[in-house]
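Asker:
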């Protein structure tokens, strides 16, 4: 009996979320102000996986997925999966149980056409399917029933190299049916096509910065030495998604681990917010984990509404989620073969409150459901995004109950108190949240309020002091001087 009581007491003393995390095959963590790793409750937990071998189509087994490279969720909640190795597109219902359609051919130009290694898939708001038919060097546009609409292929422009071969890898479409394509070996940026399929140029080119030393060395080195030096070419994009406002979220290769995602406006300018740490590159500390070292290798991005977006790291199998201000919300996932881990993560999508991660090597879709911890953070951030700071306070308080070290929750409560005009409480929570910018605002407001509230006492005291100084200098001191003078004459 004593043993049972001791065990129960020990369980009560464990930090919130510790029990759930012990059963997970990956760590869940975040970083504090000093970039120290803080382990957190799990924001998402594995909720099964989906592979082709377990699905049926027209009374027969569908067969295993082979090296699938992309998936998307349509506006009506269906999942479209690019089964790359099997040259087909699989359509699955929102319950992730039934195959609704298999598209492995279509009729065009009076003949049956097939796909060759389709690596990207997207469904537009106008309910049309776009397939990056990679090795056929085209984007195929179909109605959702598989009826052919058009090709996007053979782009022509003076800005393209002579003999350029168009090899689309990822594709996305905005509300105006503009097509955004990440193409193989295309460093100039994302390729943009009109709704009619005409190439209009590049979008969001990322220039590589050259240090002063490298510029100096290249200037004075010989032709042979320059030929052996690193080529400074723009960075490649790896994944793409479009939000409801038409802004393009694009992930990119990032050798510095500082910024692996951009939010591009219609002009192609990056308008993403980087947060207090000025870092959108995944892991802040990238030591060796197993056989994986170096910064995160972000391969895809998904926009998740209310300014929240998630990045997928192929190097360590992590999922990093940020808010619209660039704050890192939570991290989960890992490399492995257990449920909830990946061998070669390739794409990420959102399905309602769940997240789907496609594993190319294992040929399956990993399903993750949000926990109470993840739900509270998501809802609180959404409320703050909509300007409802006060409504978010109870949610942030619950987050702190589960994770007392959560700086974002403290900062969120502090901002709410700041908006409500309670600057003293705002200072307390903002200090705990290590948010110096907002703490400075709260302190200035508190100081000004203190001065305004005590201005009458301050002025009264100041006047009294001035009167005392005048009396002392004009009355008391002259009298003392006169008395000393009189005593001197008397002596």
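Numbering (this note's numbering), first residue to last: 366 to 856.
The beta-carbon is built from N, C-alpha and C at its ideal position, and this holds for glycine as well.
1) State the start and end residues of the unbroken beta strand (DSSP E) segment that holds residue 476.
2) My understanding is that residue 689 touches residue 638, with C-beta atoms under 8 Å, so please give their C-beta distance in whole angstroms.
3) In chain order, what residues of the same chain lie with their CB nearer than 6 Å to the CB of residue 418, ignoring the 5 residues before and after it?
4) On the criterion of 16 or more Cβ atoms from any shown chain inside 10 Å, does residue 563 qualify as buried, or is it exposed?
5) Our contact map puts residue 447 next to residue 426 with C-beta atoms below 8 Å; I'd like the distance itself, whole angstroms only.
6) Specify whether the region 608–626 and the region 445–462 touch according to this definition: at least 3 beta carbon pairs, one from each stretch, less than 8 Å apart.
7) Between residue 464 and residue 422, which are expected to be in contact by the criterion C-beta below 8 Å, what is the C-beta distance as a whole number of angstroms?
8) Could you name the residues that DSSP lists as bridge partners for residue 537?
9) Would you give the residue range spanned by the beta strand (DSSP E) that residue 737 belongs to?
10) Rounding to the nearest angstrom, what Cα-Cα distance links residue 595 and residue 566 in this structure?
11) Pairs of beta-carbons, one from the region 467–478 and one from the region 501–520, closer than 8 Å: are there three or more?
12) If contacts are defined as beta-carbon pairs under 8 Å, then residue 409 and residue 734 qualify, I think. What distance do you get, rounded to the angstrom?
13) Give a yes or no on whether the C-beta atoms belonging to residue 858 and residue 775 are separated by under 8 Å.
14) So residue 704 and residue 406 are in contact, right, with Cβ under 8 Å, and what is the actual spacing, rounded?
15) Say whether the region 742–751 touches the region 706–715, bearing in mind that this needs 3 or more beta-carbon pairs closer than 8 Å, one atom from each stretch.
16) Could you tell me if residue 847 is buried or exposed, where buried requires 16 or more neighbouring beta carbons within 10 angstroms of its beta carbon?
17) Between the alpha carbons of residue 534 and residue 495, how many angstroms are there, rounded?
18) Tell me the rounded alpha-carbon separation between residue 359 and residue 809.
19) Following a CB-centred definition, is residue 841 positioned closer than 7 Å to any heavy atom of the ligand COA?
20) Using beta-carbon positions only, say whether residue 488 and residue 440 come within less than 8 Å of one another.
21) By how many angstroms is the C-alpha of residue 605 removed from the C-alpha of residue 792?
22) Check the DSSP bridge columns for residue 491 and list the partner residues they point to.
23) Return the CA-CA distance between residue 381 and residue 768, expressed in angstroms with no decimal places.
24) Measuring alpha carbon to alpha carbon, tell me which residue in 722, 608, 789 and 518 is nearest residue 631.
25) I think residue 772 touches residue 741, with their Cβ atoms under 8 Å apart; what is that distance to the nearest whole Å?
26) Indicate the three-state DSSP secondary structure (helix, strand or coil) for residue 395 in the structure shown.
27) List the endpoints of the continuous beta strand (DSSP E) containing residue 515.
28) Over what stretch of residues does the beta strand (DSSP E) that includes residue 556 continue unbroken?
29) Thinking C-alpha only, which one of 557, 453 and 727 is nearest residue 414?
30) Give the DSSP bridge partners of residue 730, in chain order.
31) If we count the other Cβ atoms within 10 Å of its Cβ and call it buried at 16 or more, is residue 550 buried or exposed?
Answerer: To lay it out plainly:
1) Element bounds for residue 476: 476–479.
2) Residue 638 and residue 689 do touch by the CB rule: their CB atoms are close to 7 Å apart, below 8 Å.
3) Closer than 6 Å at Cβ, skipping near neighbours: 429.
4) Label assigned to residue 563: exposed.
5) Contact doesn't hold; Cβ gap of about 20 Å is too wide.
6) Segments in contact, no.
7) Residue 464 to residue 422, Cβ: 5 Å. Contact.
8) Beta-bridge analysis with DSSP links residue 537 to 545.
9) Here residue 737 belongs to no beta strand (DSSP E); instead the alpha helix (DSSP H) covers 737–750.
10) Bear in mind that a pLDDT of 44 at residue 595, under 50, signals an unreliable position, so the number given afterwards is only what the model happens to contain. Those two C-alpha atoms are separated by around 27 Å.
11) Pairwise C-beta distances place the region 467–478 in contact with the region 501–520, as three or more of them are shorter than 8 Å.
12) With a Cβ gap of about 7 Å, residue 409 and residue 734 count as contacting.
13) As displayed, the chain neither begins before 366 nor continues past 856, which places residue 858 out of reach and without an answer.
14) Their Cβ separation, rounded to whole angstroms, is 19 Å, which puts residue 704 and residue 406 out of contact at 8 Å.
15) Not touching, per the Cβ criterion.
16) Here residue 847 is exposed, its C-beta having fewer than 16 other C-beta atoms within 10 Å.
17) The straight-line gap from Cα to Cα measures roughly 12 Å.
18) Here the chain covers residues 366 to 856 and nothing more, so residue 359 does not appear.
19) This structure simply doesn't include the ligand COA, nor any ligand for that matter.
20) With respect to residue 440, residue 488 sits close: the two C-beta atoms are nearer than 8 Å.
21) When rounded, the distance between both Cα atoms is 39 Å.
22) Residue 491 is not bridged to any residue.
23) Note that residue 381 has pLDDT 39, beneath the 50 cutoff, so the model's placement of it is unreliable and the number below is only indicative. C-alpha separation (whole angstroms): 6 Å.
24) Taking the Cα of residue 631 as reference, the smallest distance to any Cα among 722, 608, 789 and 518 is reached at 608.
25) With 8 Å as the limit, residue 772 and residue 741 do not qualify as a contact, their Cβ atoms being about 15 Å apart.
26) Strand, per DSSP.
27) Counting along the chain, the unbroken beta strand (DSSP E) around residue 515 starts and ends at 513–518.
28) Residues 555–558.
29) The option with the nearest alpha carbon to residue 414 is 727.
30) For residue 730, which the question treats as bridged, DSSP gives the partners 415 and 723.
31) Exposure of residue 550 is indicated by the presence of fewer than 16 other C-beta atoms within 10 angstroms of its C-beta.
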